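Here the structure comes first, spelled out in structure tokens, and everything after it is commentary.
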Amino acid sequence: MNDSDIFTSLVRIKGNMNYKVVSVKSNKPIERNMWREFSKVLSRIYASSPINIGDIICRNILNTGIDIICTKKID
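Note that the numbering used here has the sequence shown beginning at 30, numbered continuously upward.
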């Protein structure tokens, strides 16, 4: 059984008075047993606005070859 799926989360934003977080997702499916480790890494990250859909927030997270990309445009 394949126990992997697209990982989704939120990342905090600096430099925007209207938004405090932005939604993000992985560009490839991730095994569910790795989700907690990915969440720990993303909890330490701040993104700077402006942000566009598809911008890479974290490249090659935990040396997995997977990128975390933004799913919302923030001006």
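Just so you know, even glycine gets a beta-carbon here, dropped at the ideal spot from N, CA and C.
On a predicted model such as this, the values are computed, not experimentally measured, just so you know.
Do residue i and residue j have their CB atoms nearer than 8 Å?
| i | j | result |
| --- | --- | --- |
| valine 53 | isoleucine 42 | no |
| isoleucine 82 | lysine 102 | yes |
| serine 55 | isoleucine 95 | yes |
| phenylalanine 67 | isoleucine 98 | no |
Which partner residues of residue i appear in the DSSP bridge assignment?
| i | result |
| --- | --- |
| valine 53 | Ser38, Cys99 |
| glutamate 60 | Ser33 |
Please name the residue in the options whose C-alpha comes closest to that of residue i.
| i | options | result |
| --- | --- | --- |
| arginine 73 | Ile86, Met63, Pro79, Asn62 | Ile86 |
| asparagine 47 | Thr93, Thr37, Ser77, Asp96 | Ser77 |
| phenylalanine 36 | Asn45, Gly44, Met63, Lys49 | Met63 |
| asparagine 45 | Thr93, Thr100, Tyr75, Asp84 | Tyr75 |
| leucine 39 | Arg61, Asn31, Leu71 | Leu71 |
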